[in-house]
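Structure first, then comments.
Residue numbers (my numbering), protein chains in the order written: chain U, 33 to 246; chain S, 202 to 520.
So this is what it looks like as structure tokens:
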């Protein structure tokens, strides 16, 4: 069966490479856009207790929505194709990054922030030199969760014509062709594991030494 | 050095004022201890001096500068700040922590490195060993040593210390109190020191400001506060053993005579205080003790009558 899947890839290289490329592009773009939205939003939200709570609650509701439901909700508004899929995946990626950014900033000990202000750091200094470095590992843990979620969620883009490896899976299911299904499923699994590994490594690398477990 | 005039702060409209028309004058090189029960406004008063809390009314003059007219960021860089939980930056090394204010002030690296080593030595840490360690590797006492070194980094004339020894075990606390008292006197820093521990206040303070409900109840030297509490509140605050506390402020040296002590007299350290001496005498039911210097040589005799006399003379002189 695996051999059949491999033969399919060998005989349809362009199709496979294109789908893989779309899948990676879709995931990477969604993650990047989500990070650009969620990290600054999280930093701002963390400044006000009420806002932070509201943002975390909204994000948690967002997280409980099934990925397919998000895609289905986007389709009537934005139609089908790459862009609507990107929007849906971005929506999927925002909550973990947002909640972790807020938790990371709020989690910086009050005494540390008080000492920083008391010694004459400006609000900007405190954010850049104290809060962000200390929150970085937690923000990266959020990015890691989002990355894995987006890579697997991107499979569903096939349902709204977004392309990617999900095309092979849906086609495989429709035609009851297991090898074709595997052409999509195996690379997606490897991509998820790869994303998890990549962000896990970044998380460790970017953890300031003083904060690392002994 | 620091003059507070009619300083008031109310945190919420309608609430009782946290600090109520407080005036206080702190001389250069003095350690002014703010003390009182929880919620008396002592920490708020301290935090208004570096504008971590903005006063509603009143003036604060530090040196010759009106604090409310200076940019708070610039002001804070010129005032040392030490808090109970230390607040070391966990992601920075000890050296980086100490270098915080010099870096904000734009010192060059060579100058900063030299200063960091100098300060680590001053607070009795080992630069070679500790410079590149992280806060989590230090004990509570070591953290507070670094906290004080960090506050001293840019050599500020004024330091604010909010219960700096509050989180330490009694033994570490006492040795750090003695050590920092010496360092701060050597450096002639003017210090505002907040505590709720009367023994610490008596030990550390040049003058003690006792506060209640945002108001200053009594502001005087430890001796006077113990000898003549202003009202029943101060009297109960300083404790029923205030006479003994006063003795703890008096040195054995100066109250002993030069006569040779009886052979069986208990030994009393010349560098100690009268309270400990009295305790030693009472515990062995002796009426006098042999005063000995650091080498163990007998230098004279301290009698119970001398202790009683010292106490009376001191009280008389204050009247």
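We treat Cβ as the ideally placed atom computed from N, Cα and C, and that holds for glycine.
In the DSSP assignment, find the unbroken alpha helix (DSSP H) run with residue i in it and report its ends.
i                     : result
residue 200 (chain U) : 198-206
residue 19 (chain U)  : Nothing about residue 19 (chain U) can be read from this structure; chain U reaches only from 33 to 246.
residue 77 (chain U)  : 45-78
residue 150 (chain U) : 142-150
residue 185 (chain U) : 164-185
residue 10 (chain U)  : Within the shown structure, residues of chain U are numbered from 33 to 246, placing residue 10 (chain U) beyond reach of any answer.
residue 297 (chain S) : 295-299
residue 92 (chain U)  : 81-96
So residue i and residue j are in contact, right, with Cβ under 8 angstroms, and what is the actual spacing, rounded?
i                     : j                     : result
residue 242 (chain S) : residue 415 (chain S) : 4 angstroms
residue 485 (chain S) : residue 467 (chain S) : 5 angstroms
residue 165 (chain U) : residue 197 (chain U) : Not confirmed; about 37 angstroms, so no contact.
residue 469 (chain S) : residue 493 (chain S) : 7 angstroms
residue 98 (chain U)  : residue 106 (chain U) : So it is not a contact: roughly 13 angstroms between Cβ atoms.
residue 343 (chain S) : residue 326 (chain S) : 7 angstroms
residue 317 (chain S) : residue 278 (chain S) : Rounded, the Cβ-Cβ distance is 17 angstroms, inconsistent with contact.
residue 389 (chain S) : residue 230 (chain S) : 5 angstroms
residue 240 (chain S) : residue 202 (chain S) : The Cβ separation is near 27 angstroms, so there is no contact.
residue 223 (chain S) : residue 246 (chain S) : 6 angstroms
residue 386 (chain S) : residue 242 (chain U) : Not confirmed; about 33 angstroms, so no contact.
residue 227 (chain U) : residue 171 (chain U) : Between residue 171 (chain U) and residue 227 (chain U) the Cβ distance is about 16 angstroms, and since that is not below 8 angstroms, they are no contact.
residue 237 (chain S) : residue 399 (chain S) : No, residue 237 (chain S) and residue 399 (chain S) are not in contact; Cβ-Cβ is about 10 angstroms, not under 8 angstroms.
Quick one: what's got a C-beta closer than 8 angstroms to residue i's C-beta in the same chain, skipping five residues either side?
i                     : result
residue 84 (chain U)  : 77, 78, 134, 138
residue 221 (chain S) : 209, 242, 414, 415, 416
residue 473 (chain S) : 452, 453
residue 348 (chain S) : 283, 284, 287, 288, 289, 365
residue 378 (chain S) : 366, 401, 404, 405
residue 341 (chain S) : 368, 369, 370, 373
Return the chain-ordered list of same chain residues with a C-beta closer than 6 angstroms to the C-beta of residue i, the five sequence neighbours on each side being excluded.
i                     : result
residue 252 (chain U) : What the structure shows of chain U is the stretch from 33 to 246, and residue 252 (chain U) is not part of that stretch, so it cannot be assessed.
residue 200 (chain U) : 212, 215, 216
residue 36 (chain U)  : 211
residue 174 (chain U) : 128, 129, 132
residue 55 (chain U)  : 186, 196, 197
residue 168 (chain U) : 238
residue 59 (chain U)  : 182, 183, 186
Please return the same chain residues whose Cβ sits closer than 7 angstroms to the Cβ of residue i, not counting the five positions on each side in sequence.
i                     : result
residue 66 (chain U)  : 122, 125, 126, 129, 178
residue 334 (chain S) : 294, 295
Mind checking residue i: buried by the 16 CB within 10 Å criterion, or exposed?
i                     : result
residue 294 (chain S) : buried
residue 247 (chain U) : This structure leaves residue 247 (chain U) out entirely; chain U is present only between 33 and 246.
residue 212 (chain S) : exposed
residue 251 (chain S) : buried
residue 331 (chain S) : buried
residue 162 (chain U) : buried
residue 205 (chain U) : exposed
residue 68 (chain U)  : exposed
residue 298 (chain S) : buried
residue 91 (chain U)  : buried
residue 456 (chain S) : buried
residue 234 (chain S) : buried
residue 149 (chain U) : buried
residue 86 (chain U)  : exposed
residue 300 (chain S) : buried
What residue range does the beta strand (DSSP E) around residue i cover?
i                     : result
residue 209 (chain S) : 203-210
residue 162 (chain S) : Past the boundaries of the shown model lies residue 162 (chain S); chain S is included only from 202 to 520, so the question cannot be answered.
residue 284 (chain S) : 280-284
residue 470 (chain S) : 468-470
residue 492 (chain S) : 489-493
residue 504 (chain S) : 499-504
Just checking residue i against the ligand NAD - is the residue's beta carbon closer than 7 angstroms to any of the ligand's heavy atoms?
i                     : result
residue 403 (chain S) : Annotation note on the ligand NAD: not contained in the displayed structure, which lists no ligands.
Counting only runs that start and end within the stretch 226-269 of chain S, where is the beta strand (DSSP E) found for 3 or more residues in a row?
-> DSSP runs (the beta strand (DSSP E)) wholly in the stretch 226-269 of chain S: 232-236, 258-263.
Just list the beta strand (DSSP E) runs in the stretch 320-348 of chain S, keeping only unbroken ones of 3 residues or longer that don't cross its boundaries, in chain order.
-> As far as the stretch 320-348 of chain S is concerned, it has no whole beta strand (DSSP E) run of at least 3 residues.
If you scan the stretch 384-420 of chain S from start to end, which runs of the alpha helix (DSSP H) of 4 or more residues do you find wholly inside it?
-> Restricting attention to alpha helix (DSSP H) runs no shorter than 4 residues, the stretch 384-420 of chain S encloses them at 399-405, ordered along the chain.
Could you name each continuous beta strand (DSSP E) segment of 3 residues or more that falls completely within the stretch 428-477 of chain S, going from the start of the chain to the end?
-> Whole beta strand (DSSP E) segments, 3+ residues: 468-470.
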